[in-house]
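Peer 1:
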Amino acid sequence: MQVRTENKNGLVVCQVDGEIDINTAPDIKKAFDKMISKKEPKIIVNLSKVTYVDSSGLATLVEILKNMRSYGGKMKLTNLSPKVKSLFEITKLEKLFDILIDEKDAIETFV
Amino acid sequence: MLNLGRLGFLKSNDRHGKFKKVSFKVPSEIKYIKKSSSRILRDLAPFADESTLFDVRLCVEEAVRNAIVHGNHCDKSLSVKIGYWLDGPKLVIEVEDEGKGFDYKKLPDPTDNENILRNSGRGVYLIHHLMDEVEYNDTGNRVTMMRYL
Numbered sequence: 001m002q003v004r005t006e007n008k009n010g011l012v013v014c015q016v017d018g019e020i021d022i023n024t025a026p027d028i029k030k031a032f033d034k035m036i037s038k039k040e041p042k043i044i045v046n047l048s049k050v051t052y053v054d055s056s057g058l059a060t061l062v063e064i065l066k067n068m069r070s071y072g073g074k075m076k077l078t079n080l081s082p083k084v085k086s087l088f089e090i091t092k093l094e095k096l097f098d099i100l101i102d103e104k105d106a107i108e109t110f111v
Numbered sequence: 112m113l114n115l116g117r118l119g120f121l122k123s124n125d126r127h128g129k130f131k132k133v134s135f136k137v138p139s140e141i142k143y144i145k146k147s148s149s150r151i152l153r154d155l156a157p158f159a160d161e162s163t164l165f166d167v168r169l170c171v172e173e174a175v176r177n178a179i180v181h182g183n184h185c186d187k188s189l190s191v192k193i194g195y196w197l198d199g200p201k202l203v204i205e206v207e208d209e210g211k212g213f214d215y216k217k218l219p220d221p222t223d224n225e226n227i228l229r230n231s232g233r234g235v236y237l238i239h240h241l242m243d244e245v246e247y248n249d250t251g252n253r254v255t256m257m258r259y260l
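These protein sequences, in sequence, are chains A and B.
Last residue of the first sequence? That's 111 in the working numbering, and every number before it is there in order.
Last residue of the second sequence? That's 260 in the working numbering, and every number before it is there in order.
Right, here's the structure in full:
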């Protein structure tokens with residue numbers, strides 16, 4: 001699992017590669033904790049290369065979202081595979097997260 | 112024509128396939144979660160599509176994780192027993208821990224507004240939504256999950 005970040009148009013865009021599960025969740029949290037400690041106001045998380053998510057992975061994303069909200073930050077998820085998106089729908093997390101089709105959409109809605 | 116597979120299960124050339132029950136135990140350590148699912152998926156792969164394999168993997172890992180963490184409290188001296196078999200179109204997977212059991216009906220609904228922001232509680236919910244049938248023994252320390260392929 002890898003998290004790569006870059007700045008685009010004043011936003012932070014994170015590309016997560018691999019699986020978000022009980023084994024990798026701590027590493028993802030660590031990567032986002034750095035951005036949260038800087039109080040990054042707007043983060044886009046591109047999940048196009050995420051092949052698997054379990055309940056620990058969902059929990060970690062929820063925690064990241066809560067931490068961002070604590071300082072008024074906003075997070076958007078993009079490029080979810082149909083399978084990963086279905087997990088958000090089953091658990092009703094699609095109502096909690098801002099899920100967009102792709103980065104372009106997310107950037108536009110942040111403006 | 113029947114082939115005796117490497118793990119001692121029988122494969123048939125039937126459309127749905129069949130194999131006898133395979134049972135194994137794992138210690139209550141997190142690293143055995145993925146090892147457990149990998150073993151089952153390896154045997155199931157010839158009979159299921161990618162979507163089904165994803166769902167089965169997720170349910171097995173959630174069940175084994177719960178058994179290790181909540182059932183056996185990560186006590187390495189305690190085991191999680193796993194059994195699986197394919198009977199025509201029906202895949203059956205059993206996961207049993209050595210704990211006192213639990214009543215799944217008493218679990219809070221993770222989709223309720225008061226629980227949606229919680230950091231845990233979605234594993235059992237996902238199992239019930241991804242598997243076609245889910246049963247528990249009376250003690251509550253064994254879950255049987257069934258999926259029609």
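Don't be surprised by glycine CBs; every beta carbon is placed ideally from N, CA and C.
Starting from the Cα of G212(B), find the closest Cα among G182(B), T222(B), L189(B) and give me that residue.
Peer 2: The sequence position of residue 212(B) within the second sequence is 101, counting from 1. Cα-wise, what sits closest to G212(B) is G182(B).
Peer 1: Excluding the five sequence neighbours on either side, which residues of its own chain have a C-beta within less than 6 Å of the C-beta of D17(A), listed in chain order?
Peer 2: To locate residue 17(A), count along the first sequence from 1; it is residue 17. Cβ within range, chain order: Q2, K49.
Peer 1: Going by CA-CA distance only, name the one from R150(B), S134(B), I204(B) that's closest to V254(B).
Peer 2: The residue given as residue 254(B) occupies position 143 in the second sequence. Minimum Cα distance to V254(B) is reached at I204(B).
Peer 1: By the DSSP assignment, the alpha helix (DSSP H) with E173(B) in it spans what residues?
Peer 2: Residue 173(B) sits at position 62 when you count from the first residue of the second sequence. For E173(B), the enclosing alpha helix (DSSP H) has its first and last residue at 161-177.
Peer 1: Along chain A, in chain order, which residues have C-beta atoms closer than 7 Å to that of P221(B)?
Peer 2: As a working note, residue 221(B) is residue 110 in the second sequence. Simply T91.
Peer 1: Return yes when the Cβ of D98(A) is within less than 8 Å of the Cβ of G57(A), no when it is not.
Peer 2: For the purposes of this step, residue 57(A) is taken as the residue at position 57 of the first sequence. For the purposes of this step, residue 98(A) is taken as the residue at position 98 of the first sequence. No. Outside cutoff.
Peer 1: Taking only three categories from DSSP, how would you classify K92(A)?
Peer 2: The residue labelled residue 92(A) in the question sits at position 92 within the first sequence. If DSSP states are grouped into helix, strand and coil, K92(A) belongs with coil.
Peer 1: Looking at the C-beta of N230(B), does it have a partner C-beta in chain A at a distance below 8 Å?
Peer 2: Position 119 of the second sequence, counted from the start, is the residue given in the question as residue 230(B). Answer yes: the Cβ-Cβ gap between N230(B) and chain A drops below 8 Å somewhere.
Peer 1: Indicate the three-state DSSP secondary structure (helix, strand or coil) for T51(A) in the structure shown.
Peer 2: Along the first sequence, read from residue 1 onward, the residue named residue 51(A) stands at position 51. Three-state DSSP puts T51(A) in a strand.
Peer 1: Please classify G234(B) as buried or exposed, where buried requires at least 16 other C-beta atoms within 10 Å of its C-beta.
Peer 2: For the purposes of this step, residue 234(B) is taken as residue 123 along the second sequence, with counting starting at 1. Label assigned to G234(B): buried.
Peer 1: Between D116(A) and chain B, is there a C-beta pair that is closer than 8 Å?
Peer 2: Absent from the model: residue 116(A). The displayed extent of chain A is 1 to 111, so no value can be given.
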